[in-house]
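Heads up: the structure comes next, in structure tokens.
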Amino acid sequence: MGHRLKDDGKKWPGGKIYYDYKLPDTSTAAGGQQQLDLDRLKLVDTIEECMERWMRFVNADGITHIQFIWSKDAPVYKVIDLTKDNEGSGSGQNGYDGTSPFYIQWKRQADDHIKSIPHELGHIMGLLHENDRVEGMLDDNPFTGKNPLMCPTLSYIPEMLQKKRDRYQAVGDYDIWSIMHYPEVTGYKWNCGDDQLQAYMDANPDPLFKAVQPAFNYARWKKKMGRPCPLNYPTRQEVEAGLWTPSLGDVTTLRLLYPGPVAQNAQ
Ligand SMILES: [Zn+2]
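With my numbering, letter number 221 in the sequence shown gets 1412, and the count goes up by one each step, no holes.
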């Protein structure tokens, strides 16, 4: 189902996620730099839309589990830094943290910065990669015919993940449809073949994902992404068009992490 911060971890109090932007100054730069900065400013709309979309899904049961609040009026707030020239995107320290920013790369031809936004917001709320919940190496996790797993193949990874288990906990079954399921990455491998993965995906579609992309199937997915990796990782176009969805497991995991005002008062 998911992989989340423990209850005594760095959860956002009351599910209120405060943030503020660090924006490029477009008044002084000229020429190409100015255009670059204007393009970066447009990311604000996309990020806001992604936050809205997360809230719509997670709070759809009528309980306000999470709120993204654009305000510095809180002891801790996340800085979203749109001024960095470095490559890559990162959410900084996960969860309730004001010490490291969420930064987004901007290379004119690269799509990574936009397609990663929903995933990075997942980290900010306190979700961790689904594949990082697997204990041991590939050999320790033979395919059982049930739930396929993406497993570590490099020996230092289990040790690294062991430390994260102090702060994170797995919830329910492994969820291949999680938006936090990291695309195929060096050091990880599926414990089953492509045909077995396909059979599992066909038999176990995610209801939220399927509602948005009913025609989704493994063959099309493989063609779209060029390699058998990103599962529920959206494309840039899907993020810009508001067509991405978290998995039902992501939504359920966040509801457990942030039970909402009523449940919190009852504790
Ligand atoms: Zn990530």
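For each residue, glycine too, the CB sits at the ideal point set by N, CA and C.
Being a predicted model, the structure only gives us computed values, none of them experimental.
Looking only at G1223, K1213, G1205, the smallest Cα-Cα distance to I1254 is reached by G1205. Counting only the Cα atoms, A1394 lies some 45 Å from A1265.
For W1261, DSSP records a beta bridge to Y1210. In this model, Y1212 and E1350 are separated by some 35 Å (Cα to Cα).
Annotated as proximal: Y1379 and M1341, with beta-carbon spacing under 7 Å. As DSSP reads the structure, M1341 sits in a beta bridge with W1381. Ranked by how close their Cα comes to the Cα of E1243, the residues T1443, P1437, L1448 have P1437 in first place. Straight-line measurement puts the Cα of I1208 at about 15 Å from the Cα of G1200.
Listed as beta-bridge partners of Q1360 by DSSP are R1195.
Per DSSP, the beta bridge partners of L1318 are R1195. The alpha-carbon separation between G1313 and I1260 amounts to approximately 15 Å. The residues G1206, I1254, T1255, H1256, in chain order, have a CB closer than 8 Å to that of G1451 in the same chain once the five nearest residues on each side in sequence are set aside.
Cβ neighbours of Q1296 within its own chain (closer than 6 Å, five residues either side excluded): E1278, G1279, S1280, H1304. Of the candidates G1384, V1362, M1246, the residue whose Cα lies closest to the Cα of L1447 is V1362. Following the DSSP letters along the chain, one finds K1306 in no beta strand (DSSP E) but inside the alpha helix (DSSP H) bounded by residues 1303-1306.
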